[in-house]
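Q: Numbered as in the working numbering, the sequence shown ends at 433 without a single skipped number. Note that CB positions come from ideal geometry on N, CA and C, so glycine has one too. Since we're looking at a predicted model, the values are computed, not measured.
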Amino acid sequence: AGIIYATDQIIDLYANGITNVHVYSMNKPDVAKGIWDNLSDILGKSFEEE
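1. If you draw a straight line from the C-alpha of SER423 to the C-alpha of PRO412, how long is it?
2. Exposed or buried, what is ILE425 when buried is set at 16 or more other beta-carbons lying within 10 Å of its beta-carbon?
3. Under three-state DSSP, which class holds TYR407?
4. Spatial neighbours of ILE387 within its chain, please: CB distance less than 8 Å, with the 5 preceding and 5 following residues excluded, ordered by chain position.
5. Does the distance from the C-beta atom of SER404 to that of ILE393 stay below 7 Å?
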């Protein structure tokens, strides 16, 4: 649930002009990877280039 919530928050920020975020995942790389995977799928190549 946390990964989905964070993904939704970042998408909302991106939709409102924020292009940079910092994700603090409490030293849990699987959480950061899950968020990244979700964002890559949704935002595509344009997200990865920024």
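A: Taking the coordinates as given:
1. Here the question's residue 423 lines up with position 40 in the sequence shown. Here the question's residue 412 lines up with position 29 in the sequence shown. Those two C-alpha atoms are separated by around 16 Å.
2. Counting from 1 along the sequence shown, the entry for residue 425 is found at position 42. Exposed.
3. As a position in the sequence shown, residue 407 is number 24, starting the count at 1. When secondary structure is reduced to three states using DSSP, TYR407 falls in the coil class, being assigned neither helix nor strand.
4. In the sequence shown, the residue the question calls residue 387 occupies position 4. Exclusion of the five residues before and after ILE387 leaves ASN421 as the residues of its chain whose Cβ lies within less than 8 Å of its Cβ.
5. Start at 1 with the first residue of the sequence shown, and residue 404 comes out as number 21. Start at 1 with the first residue of the sequence shown, and residue 393 comes out as number 10. Residue 404 is actually Val in this sequence, not Ser. Their beta carbons are under 7 Å apart, which means VAL404 touches ILE393 by this criterion.
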